[in-house]
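Everything in the sequence shown is counted per this note's numbering, starting at 51 for the first residue and increasing by one.
In what follows, a single structure is set out as structure tokens and then discussed.
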Amino acid sequence: MTSQAFQSSFSDAERCIAQFREDDIAQQSLVGLANRLADVYSSGGKVLVAGNGGSMADAMHFAEEWTGRFRNDRRPFPALAMSDPTHLTCVANDHGYDYVFSRIVTAFAKPEDMVVLISTSGNSQNLVNAAEAATASGAHVTGFLGRGGGRLASLCDTVIMAPGETSDRIQEIHMLALHVLIEVVEGLLGFT
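As structure tokens, this is what we get:
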């Protein structure tokens, strides 16, 4: 029984990866995003990243790959996960949880920057508010989304839509896409 459960889950993950790989729109969006992100870093811009729960963990992981290292040693690039617990609890307490990301975006985002929002549903109000704040700042808004993208999809300049019916499968695709994005952008910046 246990082996069967593993095999079933691995098969489901493989199906999602295959579906994502064969999605021409997703692949074209990733290529465009890689070029845009290389331009952001080449022009001295930065990346702000946010998500809730597991998507916050993915946001933190994505940011540290830029400020630390991915596969090869290189200079650090400015990427910041909007995960400071003192900020999150302060804003949640004083303004409400719906504003924990938008206030950071308003404080830091500039037109040369990119704001990356990660969500399996696309319906979290705090991410919707962050997208609106990013647009107001002139920053490029990117959504790594699932389940049709929810309300966030129409607020993003670039959407990477992951297949999958459950949050775990969507998050697995998001993390894979984020890793490959780093690999490609490093190549575009001459760090391979």
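Just so you know, even glycine gets a beta-carbon here, dropped at the ideal spot from N, CA and C.
How about residue i and residue j: do their beta carbons lie closer than 8 Å?
i	j	result
residue 151	residue 186	no
residue 130	residue 98	yes
residue 242	residue 85	no
residue 181	residue 195	no
residue 173	residue 201	yes
residue 232	residue 120	yes
Spell out the partners DSSP gives residue i in its beta bridges.
i	result
residue 210	194
residue 76	DSSP lists no partner for residue 76.
residue 100	167
DSSP three-state label for residue i, please.
i	result
residue 159	coil
residue 239	coil
residue 173	coil
residue 186	helix
residue 95	coil
residue 199	coil
residue 215	coil
By alpha-carbon positions, which one of the options ends up nearest to residue i?
i	options	result
residue 217	198, 208, 91 and 92	198
residue 219	164, 111, 105 and 205	105
What runs of the beta strand (DSSP E), each 3 residues or longer, lie entirely inside the region 102–154? 129–131
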